[in-house]
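Peer 1:
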């Protein structure tokens with residue numbers, strides 16, 4: 001129900017005020033929550049990176065301490081100051097045991113090695129190997145010469161390496177200790193349940209570890225900026241903004257922790273996506289709460305607006321003012337309603353005048369349905385402008401479309417309206433009542449005649465119908481047929497007259513398209529004796545052609561059959577009965593042949609469409625294109641499939657029973673088919689006779705046995721059902737142009 005202006009003056013301010021309050025409250029909650037979540041996640045990340053630093057630092061200290069301690073022992077001095085070869089098992093075992101001990105207290109799955117620079121040997125991963133001069137020089141150059149440190153960590157392709165030149169406090173380095181820690185080992189040591197990125201920078205600002213090495217999350221420039229900022233700040237833990245360090249970087253925060261032991265910097269990222277993920281549930285809750293509050297405010301605003309506008313609505317109701325009418329001001333609407341009441345009568349009269357054609361159409365439709373009483377008819381005719389109807393006689397004219405030309409069936413309603421307009425323009429209003437479209441197939445007109453004889457009426461009807469048919473053909477490009485009832489004196493008899501015209505139109509099947517049919521002309525046929533004629537001989541010829549799949553013979557025979565049915569059955573009812581019988585016989589033929597064309601369709605709909613189609617050409621087209629030709633094609637496909645199946649069964653029997661007595665008569669008894677029938681279809685599918693196929697297959701098997709077995713020619717002949725070896729040799733020579741013995745020799749020679 002449309003509300004007035006006063007209603008919205010109350011409703012909208014309350015709604016806007018409530019919306020503002022809800023938006024402010026939701027914004028405050030969201031901002032507070034975002035700040036709290038940021039602090040919580042940042043604190044969690046800070047704890048995580050500090051814990052990572054402590055854990056890794058503890059393991060690194062252990063490794064460094066273990067090697068430092070070992071370098072001060074007597075066993076170390078004895079080991080590095082003496083050569084170790086494959087025969088020095090005790091010395092090798094002592095060093096390897098010490099490395100294994102360091103592995104147990106250090107990081108798991110790390111590779112520990114000790115290299116003697118004095119005697120050029122190396123023990124790594126439990127294996128003893130000798131150092132070449134080149135390898136030794138490379139080690140000295142890389143780790144000893146010009147180095148101010150005895151202990152340092154470097155990044156490798158597979159992880160990080162701990163290098164300790166021993167003894168640690170002596171300038172005369174006798175050995176080098178390696179600890180190679182892979183990325184997998186580091187990842188396991190630093191692993192966490194959350195998907196966090198971790199970076200480790202050494203004291204020189206070099207990135208020595210990243211748990212996402214394949215993703216360049218930090219550029220070299222950003223790494224340098226991080227080192228500078230942390231060095232200047234001199235804080236062991238803290239948070240940096242990546243955007244401040246690099247204006248082109250994505251918005252994210254860097255959380256770091258600096259090691260007191262070796263000044264390594266441990267960094268993790270806090271990006272916006274993590275915060276957004278944590279806030280997802282909060283956002284949903286705030287939106288839901290806001291929606292509920294908005295709904296409550298809307299309901300309250302609506303109730304208040306309804307309450308304060310109730311008096312105005314009661315006044316409008318008393319004045320019968322249309323609630324749907326748009327108005328700028330309710331008071332103004334009340335004033336205008338007075339003018340509306342004054343002009344209401346004039347408006348009603350204009351409305352009735354405009355609706356007169358619809359009222360007349362309804363009256364004529366009710367006449368054809370026998371839904372008008374004599375009193376109602378007498379009262380309505382003068383209102384619609386019909387005078388002196390008692391002196392008139394009437395004829396009901398029905399028009400139906402024979403053919404739509406090249407138009408689609410969906411255009412049929414438009415064409416019926418066009419035909420209705422054609423009747424309205426051609427026949428003067430004094431000689432007819434209002435033409436109407438009776439249903440989706442028929443246009444109807446009640447024609448009116450005053451002071452005319454039956455002969456004159458018939459002549460005028462024929463002349464008008466002929467002109468209508470010509471105009472429809474010329475202007476609308478359609479063919480029509482016209483049915484005319486007998487004359488009648490009372491409009492209350494219009495229903496019976498309509499049935500007469502319909503019955504006349506039924507005879508289009510016998511007369512063809514563009515027919516003008518008077519009920520008097522066919523009444524004798526309708527009321528005469530019923531003699532049904534059915535061309536059974538032509539039907540038998542048609543069914544034979546369908547079985548053979550002969551489309552040309554089907555077309556010729558069907559045309560003769562339909563022509564015979566139309567010619568002999570003058571009564572349209574007889575023709576319809578014959579047509580139904582023909583379709584039923586087609587369905588029965590389908591069932592006998594085992595094909596499915598009509599069996600898949602709705603047979604009731606098929607009968608209905610055929611009986612409603614009054615054009616003989618269209619009936620023939622439907623039977624040929626939609627029923628019979630699909631049956632012919634289906635029969636062809638089925639026959640071809642049957643032939644292929646039977647031929648393949650025969651071939652399978654030959655391939656499996658070639659070494660037995662085998663005849664087509666035996667196969668026919670097994671498959672329950674006539675041998676001559678099997679012979680014909682086998683030759684049609686394989687292009688050779690059964691006997692030739694059997695002989696050729698046996699000879700192929702003989703060739704195989706001659707090459708692959710030691711069977712004699714007599715044994716082969718007996719197994720292949722040759723009663724005499726000479727017959728086998730003769731058949732083999734005829735096909736291969738050599739005897740079996742010669743064939744075997746030629747193959748064995750190859």
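In UniProt numbering, the protein residues as written are 1 to 750. For glycine and all other residues, C-beta sits at the position ideal for the given N, C-alpha and C. Model, not experiment: these values are computed from the prediction.
Tell me whether residue 780 sits in a helix, a strand or coil according to DSSP, three-state version.
Peer 2: Residue 780 cannot be examined here, being either before or after the span of the chain that is shown, 1 to 750.
Peer 1: Note down the Cα distance separating residue 583 from residue 564, rounded to an integer number of angstroms.
Peer 2: Reading the chain shown from its first residue, position 583 is the one you call residue 583. Reading the chain shown from its first residue, position 564 is the one you call residue 564. Computed Cα separation, rounded: 16 Å.
Peer 1: Just to confirm the assignment: which complete beta strand (DSSP E) runs, minimum length 3, are found wholly within the stretch 448-511?
Peer 2: Qualifying beta strand (DSSP E) stretches, in chain order: 479-484.
Peer 1: Determine, using beta-carbon pairs with one atom in the stretch 549-560 and one in the stretch 621-633, whether at least three such pairs fall under 8 Å.
Peer 2: Enough Cβ pairs lie closer than 8 Å, so yes.
Peer 1: Could you give the first and the last residue of the continuous beta strand (DSSP E) run that contains residue 255?
Peer 2: Position 255 of the chain shown, counted from the first residue, corresponds to residue 255. Element bounds for residue 255: 252-258.
Peer 1: With respect to the beta strand (DSSP E) encompassing residue 515, which residues constitute its N-terminal and C-terminal limits?
Peer 2: Residue numbering aside, residue 515 sits at position 515 when the chain shown is read from its first letter. Neither: residue 515 is in no beta strand (DSSP E) and is coded neither H nor E.
Peer 1: Hey, residue 84 and residue 140: beta-carbon distance below 8 Å or not?
Peer 2: On the chain shown, position 84 is the one that residue 84 refers to. On the chain shown, position 140 is the one that residue 140 refers to. No, the pair does not count as a contact, with Cβ atoms beyond the cut-off.
Peer 1: Of the choices 589, 621, 522, whose alpha-carbon is the least far from that of residue 562?
Peer 2: Translated into the one-based positions of the chain shown, residue 562 becomes position 562. Ranking the options by Cα distance to residue 562, first place goes to 621.
Peer 1: Which same chain residues, not among the five before or five after residue 118, have their C-beta less than 8 Å away from its C-beta?
Peer 2: Counting from one through the chain shown, the residue named residue 118 turns up at place 118. For residue 118, where only same-chain residues beyond five positions count, the Cβ hits under 8 Å are 80, 81, 174, 175.
Peer 1: Which residue's Cα is closest to the Cα of residue 178: 668, 578, 114, 442?
Peer 2: For the purposes of this step, residue 178 is identified with residue 178 of the chain shown, where counting begins at 1. Residue 178 has its Cα closest to that of 114, out of 668, 578, 114, 442.
Peer 1: By Cβ distance below 7 Å, which residues in the same chain neighbour residue 675 in space, the five residues on each side in sequence not counted?
Peer 2: Translated into the one-based positions of the chain shown, residue 675 becomes position 675. Cβ neighbours of residue 675 beyond the five flanking positions: 664, 665, 668.
Peer 1: Taking the Cβ atom as the reference point for each residue, do residue 359 and residue 491 lie within a distance shorter than 8 Å?
Peer 2: Against the chain shown, residue 359 aligns to sequence position 359. Against the chain shown, residue 491 aligns to sequence position 491. For residue 359 and residue 491, no; Cβs fall outside 8 Å.
Peer 1: Could you check whether residue 361 and residue 751 sit closer than 8 Å to each other, using their CB atoms as the reference points?
Peer 2: Nothing in the structure corresponds to residue 751, since the chain is present only between 1 and 750.
Peer 1: So, for residue 529: in the same chain, excluding its five sequence neighbours on each side, which residues have a beta-carbon less than 7 Å away from its beta-carbon?
Peer 2: Here residue 529 refers to the residue found at position 529 when the chain shown is read from its first residue. Unreliable placement is indicated for residue 529, whose pLDDT of 49 sits below 50; the coordinate value is still reported in the next sentence. Excluding positions up to five away in sequence, the list is empty.
Peer 1: If we count the other Cβ atoms within 10 Å of its Cβ and call it buried at 16 or more, is residue 163 buried or exposed?
Peer 2: Mapped onto the chain shown, residue 163 falls at position 163. Residue 163 is buried by the Cβ-count criterion.
Peer 1: Counting Cβ pairs closer than 8 Å, one from the stretch 692-704 and one from the stretch 735-750, do we hit at least three?
Peer 2: Cβ pair count under 8 Å is three or more, so yes.
Peer 1: Mind checking residue 126: buried by the 16 CB within 10 Å criterion, or exposed?
Peer 2: Within the chain shown, residue 126 is the residue found at index 126, counting from 1. The residue is exposed, with fewer than 16 neighbouring Cβ atoms inside 10 Å.
Peer 1: Would you say the stretch 650-659 touches the stretch 689-700, given that touching needs at least three Cβ pairs under 8 Å?
Peer 2: Yes, the stretch 650-659 is in contact with the stretch 689-700.
Peer 1: Going by other Cβ atoms of all chains shown within 10 Å of its Cβ, with 16 needed for buried, is residue 640 buried or exposed?
Peer 2: Counting from 1 along the chain shown, the entry for residue 640 is found at position 640. Burial call: exposed.
Peer 1: By the three-class DSSP mapping on this structure, what secondary structure does residue 84 have?
Peer 2: Within the chain shown, numbered from 1, the residue matching residue 84 stands at position 84. In the structure shown, residue 84 sits in coil (DSSP, three-state: anything other than H, G, I, E or B).
Peer 1: Kindly give me the distance between the Cβ atoms of residue 678 and residue 698, rounded to whole angstroms, as I take these residues to be in contact under 8 Å.
Peer 2: Position 678 of the chain shown, counted from the first residue, corresponds to residue 678. Position 698 of the chain shown, counted from the first residue, corresponds to residue 698. Actually they are not in contact, since the Cβ atoms of residue 678 and residue 698 sit about 19 Å apart, beyond 8 Å.
Peer 1: Check whether the Cβ atoms of residue 440 and residue 513 lie closer than 8 Å to each other.
Peer 2: Start at 1 with the first residue of the chain shown, and residue 440 comes out as number 440. Start at 1 with the first residue of the chain shown, and residue 513 comes out as number 513. For residue 440 and residue 513, no; Cβs fall outside 8 Å.
Peer 1: Exposed or buried, which one is residue 285 when buried takes at least 16 other CB atoms within 10 Å?
Peer 2: The residue given as residue 285 occupies position 285 in the chain shown. It is exposed - the Cβ of residue 285 has fewer than 16 other Cβ atoms within 10 Å.
Peer 1: Just the Cα atoms here: how many angstroms apart are residue 451 and residue 587?
Peer 2: By 1-based counting over the chain shown, the position of residue 451 is 451. By 1-based counting over the chain shown, the position of residue 587 is 587. Going from the Cα of residue 451 to the Cα of residue 587 covers about 56 Å.
Peer 1: For residue 111, which residues of its own chain have a beta-carbon under 7 Å away from its beta-carbon, when the five flanking residues on both sides are left out?
Peer 2: Position 111 of the chain shown, counted from the start, is the residue given in the question as residue 111. Contacts found: 124, 125, 180.
Peer 1: Pick out whichever of 453, 428, 438, 45 has its Cα sitting closest to the Cα of residue 447.
Peer 2: In the chain shown, counting from the first residue as 1, residue 447 sits at position 447. Of 453, 428, 438, 45, the residue nearest in Cα terms is 428.
Peer 1: Between residue 487 and residue 444, which are expected to be in contact by the criterion C-beta below 8 Å, what is the C-beta distance as a whole number of angstroms?
Peer 2: For the purposes of this step, residue 487 is taken as the residue at position 487 of the chain shown. For the purposes of this step, residue 444 is taken as the residue at position 444 of the chain shown. That pair is no contact at about 16 Å.
Peer 1: Tell me, please, which residues DSSP counts as bridged to residue 122.
Peer 2: Taking the chain shown and counting its residues from 1, the one referred to as residue 122 is at position 122. DSSP, once it has assigned bridges, lists 115, 129 as partnering residue 122.
Peer 1: Given residue 728, which residues of its chain have a CB within under 6 Å of its CB, disregarding the five upstream and five downstream residues?
Peer 2: As a working mapping, residue 728 is identified with position 728 in the chain shown. Here the set comprises 717, 722.
Peer 1: Looking only at its own chain, which residues have a Cβ that is under 6 Å from the Cβ of residue 301, when we skip the five neighbours before and after it?
Peer 2: Sequence index remark: in the chain shown, residue 301 carries index 301 (1-based). These residues qualify, in order along the chain: 11, 14, 15.
Peer 1: When you compare only the Cα positions, how much space is there between residue 51 and residue 211?
Peer 2: Looking up residue 51 in the chain shown gives position 51. Looking up residue 211 in the chain shown gives position 211. For residue 51 and residue 211, the distance between alpha carbons rounds to 16 Å.
Peer 1: What distance in whole Å lies between the Cβ atoms of residue 253 and residue 751, which are believed to be in contact at a cut-off of 8 Å?
Peer 2: Here the chain has residues from 1 to 750 only, and residue 751 is not among them.
Peer 1: Nearest CA to the CA of residue 206: which residue from 187, 226, 147, 567?
Peer 2: In the chain shown, counting from the first residue as 1, residue 206 sits at position 206. Of the candidates 187, 226, 147, 567, the one whose C-alpha sits nearest the C-alpha of residue 206 is 226.
Peer 1: Could you name the residues of the same chain whose beta carbon sits closer than 7 Å to that of residue 165, not counting the 5 residues immediately before and after it, in chain order?
Peer 2: Within the chain shown, the letter at position 165 stands for residue 165. Taken in chain order, the residues that qualify are 143, 144, 150, 173, 176.
Peer 1: Quick check on DSSP: helix, strand or coil for residue 289?
Peer 2: Here residue 289 refers to the residue found at position 289 when the chain shown is read from its first residue. Three-state result, residue 289: helix.
Peer 1: Taking all protein chains shown into account, decide if residue 92 is buried (16 or more other Cβ within 10 angstroms of its Cβ) or exposed.
Peer 2: To locate residue 92, count along the chain shown from 1; it is residue 92. Flag for residue 92 reads buried.
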